[in-house]
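**Student:** Following numbering that gives the first Met the number 0, the numbering of the sequence shown begins with 0 at its first residue and continues without gaps.
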Amino acid sequence: MRMLSRSRLGPCNASGGGGPGARTAGAMVPHLVPRQLVWLCRRQVACARGASVQHRTWAGVSGAPSLLSPWRATVTSPLVCRSSSSTPPSAPKVVLTQERYPVTRLPFSVVSEDDLAAFERIVPGRVITDPEVLEASNVDWLRTVRGCSKVLLRPRTSQEVAHILRYCHERNLAVNPQGGNTGMVGGSVPVFDEIILSTALMNEVISFHSVSGTLVCQAGCVLEELSRYVEERGFVMPLDLGAKGSCHIGGNVATNAGGLRFLRYGSLHGTVLGLEVVLADGTVLNCLSSLRKDNTGYDLKQLFIGSEGTLGVITAVSIQCPPKPRAVNVAFLGCPGFAEVLQTFTTCKGLLGEILSAYEFMDAECMWLVTRHLRLASPVQESPFYVLIETSGSRAGHDAEKLSDFLDQVLSSGLVTDGTVATDQMKLKALWALRERISEALSRDGYVYKYDLSLPTERLYDLVPDLRARLGSRAKHVVGYGHLGDGNLHLNVTSEAFSPSLLDALEPYVYEWTARQRGSVSAEHGLGFKKRGVLGYSKPPEALRLMQQLKALLDPKGILNPYKTLPAQA
Numbered sequence: 000m001r002m003l004s005r006s007r008l009g010p011c012n013a014s015g016g017g018g019p020g021a022r023t024a025g026a027m028v029p030h031l032v033p034r035q036l037v038w039l040c041r042r043q044v045a046c047a048r049g050a051s052v053q054h055r056t057w058a059g060v061s062g063a064p065s066l067l068s069p070w071r072a073t074v075t076s077p078l079v080c081r082s083s084s085s086t087p088p089s090a091p092k093v094v095l096t097q098e099r100y101p102v103t104r105l106p107f108s109v110v111s112e113d114d115l116a117a118f119e120r121i122v123p124g125r126v127i128t129d130p131e132v133l134e135a136s137n138v139d140w141l142r143t144v145r146g147c148s149k150v151l152l153r154p155r156t157s158q159e160v161a162h163i164l165r166y167c168h169e170r171n172l173a174v175n176p177q178g179g180n181t182g183m184v185g186g187s188v189p190v191f192d193e194i195i196l197s198t199a200l201m202n203e204v205i206s207f208h209s210v211s212g213t214l215v216c217q218a219g220c221v222l223e224e225l226s227r228y229v230e231e232r233g234f235v236m237p238l239d240l241g242a243k244g245s246c247h248i249g250g251n252v253a254t255n256a257g258g259l260r261f262l263r264y265g266s267l268h269g270t271v272l273g274l275e276v277v278l279a280d281g282t283v284l285n286c287l288s289s290l291r292k293d294n295t296g297y298d299l300k301q302l303f304i305g306s307e308g309t310l311g312v313i314t315a316v317s318i319q320c321p322p323k324p325r326a327v328n329v330a331f332l333g334c335p336g337f338a339e340v341l342q343t344f345t346t347c348k349g350l351l352g353e354i355l356s357a358y359e360f361m362d363a364e365c366m367w368l369v370t371r372h373l374r375l376a377s378p379v380q381e382s383p384f385y386v387l388i389e390t391s392g393s394r395a396g397h398d399a400e401k402l403s404d405f406l407d408q409v410l411s412s413g414l415v416t417d418g419t420v421a422t423d424q425m426k427l428k429a430l431w432a433l434r435e436r437i438s439e440a441l442s443r444d445g446y447v448y449k450y451d452l453s454l455p456t457e458r459l460y461d462l463v464p465d466l467r468a469r470l471g472s473r474a475k476h477v478v479g480y481g482h483l484g485d486g487n488l489h490l491n492v493t494s495e496a497f498s499p500s501l502l503d504a505l506e507p508y509v510y511e512w513t514a515r516q517r518g519s520v521s522a523e524h525g526l527g528f529k530k531r532g533v534l535g536y537s538k539p540p541e542a543l544r545l546m547q548q549l550k551a552l553l554d555p556k557g558i559l560n561p562y563k564t565l566p567a568q569a
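#1: Please name the residue or residues paired with K449 in a DSSP beta bridge.
#2: With 16 other CB atoms within 10 Å as the buried threshold, where does Y297 fall?
#3: Opposite E359 in the DSSP bridges: which residues?
#4: On a CA-only basis, which of S187, E131, G186 and A279 is nearest N171? Give me that one, please.
#5: With three or more beta-carbon pairs closer than 8 Å as the criterion, would you say the stretch 342 to 358 touches the stretch 220 to 237?
#6: With a cut-off of 8 Å on the beta carbons, I'd call A326 and A395 a contact; round off their distance for me.
#7: What does the Cβ neighbour count give for K292, buried or exposed, with the cut at 16 atoms within 10 Å?
#8: Report the CB separation of T181 from A135 in whole angstroms; it is logged as a contact under 8 Å.
#9: For S288, which residues from the same chain have a beta carbon less than 7 Å from its beta carbon, with the 5 sequence-adjacent residues on both sides left out?
#10: Suppose contacts are defined by Cβ-Cβ distances below 8 Å. Is G479 in contact with Q319 by that definition?
#11: Examine the Cβ distances between the stretch 163 to 179 and the stretch 95 to 109 and report whether three or more of them are shorter than 8 Å.
#12: Quick check: the Cα distance between T270 and Y166, rounded to an integer number of angstroms?
#13: So, with DSSP's three-state summary, where would you put R42?
#14: What's the gap between the Cα of E506 and the Cα of I437?
#15: Can you tell me whether DSSP reads T181 as helix, strand or coil?
#16: Which of the three DSSP states, helix, strand or coil, is assigned to H524?
#17: Residue range of the beta strand (DSSP E) that S438 falls in?
#18: Find the nearest neighbour of E307 within the set K550, H208, Q568 and K556, judged by alpha-carbon distance.
#19: Have a look at the DSSP bridge pairing and note the partners of S197.
#20: Rounded to the nearest angstrom, what separates Q177 and L559 at their Cα positions?
#21: Are there three or more Cβ pairs, one per stretch, closer than 8 Å when the stretch 356 to 376 is compared with the stretch 394 to 411?
#22: Quick one: does the C-beta of M425 sit closer than 7 Å to a heavy atom of the ligand HEM?
#23: Considering E275, what are the terminal residues of the beta strand (DSSP E) in which it resides?
#24: Can L452 and A522 be called in contact, C-beta distance under 8 Å?
#25: What runs of the alpha helix (DSSP H), each 4 residues or longer, lie entirely inside the stretch 248 to 324?
#26: Which residues does DSSP pair with R145 in a beta bridge?
Right, dumping it as structure tokens:
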């Protein structure tokens with residue numbers, strides 16, 4: 000294999016093209032493996048053959064030699080055989096939400112035989128009452144909350160959604176909108192017996208404009224399938240998530256999902272151009288604009304982005320897709336401390352500038368979990384922290400030169416102790432798997448307490464060692480990882496099983512600590528059912544009252560996704 004000079008990286012492999020997070024690079028690279036999360040995402044996936052891969056590595060110590068180390072085959076493929084069942088054979092039954100949490104059913108009507116007959120007239124052949132089929136839709140993918148809905152409806156059009164909601168509004172029947180059911184906070188499954196309204200069959204692309212890059216599609220389109228669709232046309236989706244193989248674009252918008260491309264393309268509040276939404280009484284609000292500039296009146300679509308299905312059901316989305324970059328590089332680096340992680344980020348922004356598309360970090364315990372539970376292998380020597388950096392641009396040589404200059408600086412200064420660089424598709428996938436599959440590895444470690452926090456970057460990791468000291472042996476693992484470029488920490492604590500005493504030690508301590516830093520208790524996952532009671536740590540009472548007034552205005556009977564997002568009113 001060719002050895003590479005520290006002063007210049009070798010030319011980028013053209014097959015490594017694609018968008019930021021080019022794990023599915025469309026026309027340039029064939030789709031190799033679906034990225035759904037094993038059984039967790041409830042989608043039947045193929046078993047991919049494992050293969051060894053190699054990465055370019057270097058000795059990143061102070062006074063490193065003038066030549067980088069040759070390629071070495073130290074990383075095995077993360078592509079593993081994945082189960083097609085919805086739950087593991089040995090998985091215990093999830094406790095009902097109403098039994099685990101202090102929540103009282105609101106006075107909604109109960110679904111009757113007459114109601115089922117009415118639904119059958121609206122969506123013939125798509126009224127599901129089989130308990131075995133309903134089980135998967137009643138349980139969140141983390142298997143921490145479970146409802147007891149007796150009926151699931153599968154409309155294909157916004158008019159069918161309108162008829163369903165109009166009927167439910169008249170009958171006072173509660174409705175739980177559901178997309179891919181990949182949420183982290185229990186927002187996508189019933190709490191009691193709410194009717195599940197699935198968007199799974201609303202999966203058509205309505206239009207795509209090749210000049211502007213504007214995509215208009217139904218809400219049930221799977222994010223990964225949309226990514227493939229636009230990449231074949233020279234564009235990328237402005238968001239990318241680990242659950243992209245299962246999550247729906249409507250659910251992404253409803254939760255204002257952040258993900259791995261936030262650093263480059265910003266939030267959905269900026270990239271979503273228009274929405275079609277069905278209100279609680281069946282009114283169809285068509286604001287499905289494709290205009291980038293429209294300064295007429297209130298920007299109503301913003302109300303529904305991040306509303307988690309509590310104000311209306313999103314049925315179609317118009318979204319701006321950026322052009323697909325022609326060159327993508329991923330560097331996976333080891334850092335001796337979190338201070339070095341921060342300094343590396345500062346250097347990264349200064350030297351990589353416009354081609355920087357992702358800056359992710361994970362601690363050593365995260366690496367231990369993915370190697371232990373998923374049999375992935377670390378491509379670098381053991382380090383206290385790891386950083387994944389992605390660049391994406393239009394000129395491979397230009398990007399490689401900038402990346403080489405950056406790596407020279409962080410290596411010679413001791414900010415980075417070891418690392419590897421990948422440019423082709425399989426190697427990009429292998430590196431990204433180490434970061435994207437942390438959540439999967441955590442789920443195999445036991446019961447997971449998840450916190451999605453937004454914090455000042457310089458304080459981003461401080462809570463992790465604080466909690467390790469506070470919890471001691473009561474927790475199996477306390478880990479921190481996330482989108483450092485966005486100031487987003489994913490704090491996770493695992494234990495053998497759910498423990499009320501451990502939960503009491505975590506909450507409200509985590510939220511109080513976050514509030515003292517003027518952070519947010521939800522950076523990108525939303526509030527759902529699990530976090531609705533802690534909204535007050537991030538929003539003042541005046542804001543909460545206004546939110547409740549908006550809910551009462553748009554959904555006066557409270558039938559849309561009840562028990563979610565907003566605190567329970569006395």
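Where a beta carbon is used, it is the ideal one built from N, C-alpha and C, also for glycine.
**Tutor:** So, from the listed chains and residues:
#1: What you label residue 449 is simply residue 450 of the sequence shown in a count that begins at 1. K449 is bridged to N491.
#2: The residue you call residue 297 lines up with position 298 of the sequence shown. Classification of Y297: exposed, given that the 10 Å Cβ count is below 16.
#3: Start at 1 with the first residue of the sequence shown, and residue 359 comes out as number 360. Per DSSP, L387 and H482.
#4: Taking the sequence shown and counting its residues from 1, the one referred to as residue 171 is at position 172. Residue nearest to N171 within the set S187, E131, G186 and A279 is A279 (criterion: CA-CA distance).
#5: Short answer: they don't touch.
#6: By 1-based counting over the sequence shown, the position of residue 326 is 327. By 1-based counting over the sequence shown, the position of residue 395 is 396. Contact flag correct, Cβ pair sits at about 4 Å.
#7: In the sequence shown, residue 292 corresponds to position 293, counting from 1. Of the residues assessed, K292 falls on the exposed side of the cut-off, its CB having fewer than 16 other CB atoms within 10 angstroms.
#8: Taking the first residue of the sequence shown as 1, we reach residue 181 at position 182. Taking the first residue of the sequence shown as 1, we reach residue 135 at position 136. The beta-carbon distance between T181 and A135, rounded to whole angstroms, is 12 Å. This is too long to meet the 8 Å contact definition.
#9: As a working mapping, residue 288 is identified with position 289 in the sequence shown. Contacts found: L272, G273 and S317.
#10: Position 480 of the sequence shown, counted from the first residue, corresponds to residue 479. Position 320 of the sequence shown, counted from the first residue, corresponds to residue 319. It is not a contact, given that the beta carbons lie outside the stated cut-off.
#11: The count of Cβ pairs closer than 8 Å, one atom from the stretch 163 to 179 and one from the stretch 95 to 109, reaches three, so the stretches are in contact.
#12: Position 271 of the sequence shown, counted from the first residue, corresponds to residue 270. Position 167 of the sequence shown, counted from the first residue, corresponds to residue 166. Distance between the alpha carbons of T270 and Y166 is about 33 Å.
#13: As a working note, residue 42 is residue 43 in the sequence shown. Because the pLDDT at R42 is just 30, under 50, the model does not fix this residue reliably, and the point stays unresolved.
#14: The count along the sequence shown starts at 1 and reaches residue 506 at position 507. The count along the sequence shown starts at 1 and reaches residue 437 at position 438. Distance between the alpha carbons of E506 and I437 is about 23 Å.
#15: For the purposes of this step, residue 181 is identified with residue 182 of the sequence shown, where counting begins at 1. Look at T181 here: in three-state DSSP terms it is coil, with no helix or strand label.
#16: Locating residue 524 in the sequence shown gives position 525, counting from the first residue. In this structure, H524 counts as coil in the three-state DSSP scheme.
#17: Taking the first residue of the sequence shown as 1, we reach residue 438 at position 439. Not the beta strand (DSSP E): S438 falls in the alpha helix (DSSP H), residues I437 to S442.
#18: Here residue 307 refers to the residue found at position 308 when the sequence shown is read from its first residue. The option with the nearest alpha carbon to E307 is K550.
#19: Stepping through the sequence shown from its first residue, residue 197 is reached at position 198. Bridge partners of S197: Q177.
#20: By one-based count along the sequence shown, residue 177 stands at place 178. By one-based count along the sequence shown, residue 559 stands at place 560. Using only the alpha carbons, I get a separation of about 11 Å.
#21: No, they do not touch.
#22: Among the ligands in the structure shown, none appear at all, so the ligand HEM cannot be discussed.
#23: Counting from 1 along the sequence shown, the entry for residue 275 is found at position 276. V271 to V277 is the span of the beta strand (DSSP E), which, as asked, contains E275.
#24: Counting from one through the sequence shown, the residue named residue 452 turns up at place 453. Counting from one through the sequence shown, the residue named residue 522 turns up at place 523. It is a contact, given that the beta carbons lie within the stated cut-off.
#25: Secondary structure within the stretch 248 to 324: the alpha helix (DSSP H) runs of 4 or more consecutive residues, fully enclosed, are 248 to 253, 261 to 264, 267 to 270 and 300 to 303 (chain order).
#26: Indexing the sequence shown from 1 puts residue 145 at position 146. According to DSSP, which records beta bridges pairwise, R145 is partnered with V138.
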